[in-house]
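J.: For reference, the structure I am asking about is given below.
Residue numbers (my numbering): 3 to 330.
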């Protein structure tokens, strides 16, 4: 890779219109194999619930499936929304993954619901579930290292090697927690860009070394659409972000299919501009243009690694974007 900043991939596991969840899983395997061939550091999958267009709800199961169809690339959760689960269950799941696929499994942890209020209740979660997130992270970490904090309770299997933990966030809370626990920090700047610069600065300034990590390590999310020509990349970006906007505003019992012209009109409105601002950090263009953007972005925010979310609508274009972005 020509880039000096390590690159990884965030696979959003989309279910495209007219396709099935099984199609999405096969696309995730294809994308991970491309990332492995191209020298990416890791591929992560995020926990979402009650979203018909995202197939990664059973995140640990998807990680295991992709791991069985790849050889060496690290795979993990970016992230598991820990307040939705007991720390013991997640330790059992990721202890199993790390036992089956040694030295290949990461575990990123977030405290958001990854769902709406009704789905939160279906998950048996309430609004206070996130309050114990710091303690839950430490309980989980202790299970995975075989040093349980709950007398008489252990997670089986306990992996032979480490399962690195990462704190995910989009605010100063996650940055401060990651620094306090001495864990790597991953900022969700691919959809929540506002606090990126400040959060990474706070993380670095307040970091305390730990058994897992001696120096701070920050990862920043960034959207990428790379294609053979600039115009082709722009066209893919427009189609992808129209599709994303259409899904966002078409939710509910009386959904309708908006035309491209209607979507563009909405995106030009105050509400649409607010939605567009969520993807402020987006690299679009040829391989060279994307490289320049990513290097500048990493320097601006002080990231040690970038995790790239490739948004082309079809899997062939996403794979090509992954390959182009990694080209020397």
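We put the beta carbon where it would ideally sit given N, CA and C, even for glycine.
Closest to residue 78 by CA distance: which of 127, 52, 43 is it?
T.: Per the Cα distances, 43.
J.: To the nearest angstrom, how far is the alpha carbon of residue 2 from that of residue 89?
T.: Residue 2 lies beyond the range of the chain shown here (3 to 330); nothing can be said about it.
J.: In the structure shown, what three-state DSSP assignment does residue 52 receive?
T.: If DSSP states are grouped into helix, strand and coil, residue 52 belongs with coil.
J.: Here's a check: name, in chain order, each residue in its chain whose Cβ is nearer than 6 angstroms to the Cβ of residue 103, leaving out the five neighbours to either side.
T.: The answer, listed in chain order, is 69.
J.: In three-state terms, what does DSSP make of residue 255?
T.: Summary for residue 255: the model assigns pLDDT 48, below 50, so the residue's position carries little reliability, and this model does not support an answer.
J.: What is the C-beta distance between residue 107 and residue 100, in whole angstroms, given that I count them as a contact (C-beta under 8 angstroms)?
T.: Right, their Cβ atoms sit about 4 angstroms apart.
J.: Grab me the residues of residue 127's own chain with a C-beta within less than 8 angstroms of its C-beta, minus the 5 sequence neighbours each way, in chain order.
T.: Taken in chain order, the residues that qualify are 85, 86, 115.
J.: From residue 284 to residue 226, what distance separates their C-alpha atoms?
T.: If you take the alpha carbons of residue 284 and residue 226, they lie about 6 angstroms apart.
J.: Whose C-beta lies closer than 6 angstroms to the C-beta of residue 191 among residues of the same chain, with five residues either side of it excluded?
T.: Same-chain partners within the cutoff: 198, 222, 223, 283.
J.: Using 8 angstroms for Cβ pairs, my map puts residue 94 next to residue 158. What's the rounded Cβ distance?
T.: Indeed, because the Cβ distance is near 7 angstroms, the residues count as touching under 8 angstroms.
J.: Let me check understanding here. Comparing Cα to Cα, which of 241, 272, 323 lies closest to residue 263?
T.: For the residues 241, 272, 323, the minimum Cα distance to residue 263 belongs to 241.
J.: Within 10 angstroms of its Cβ, does residue 74 collect 16 or more other Cβ (buried), or is it exposed?
T.: Exposed is the call here.
J.: Could you name each continuous alpha helix (DSSP H) segment of 4 residues or more that falls completely within the stretch 81–108, going from the start of the chain to the end?
T.: Counting only runs of 4 or more, we get 89–102.
J.: Are the Cβ atoms of residue 167 and residue 185 separated by less than 9 angstroms?
T.: Contact flag set, yes.
J.: Can you say whether residue 326 is buried or exposed, counting buried as having 16 or more other CB atoms within 10 angstroms of its CB?
T.: Buried, by the Cβ-count rule.
J.: So for residue 230, helix, strand or coil by DSSP?
T.: Note: residue 230 maps to coil in three-state DSSP.
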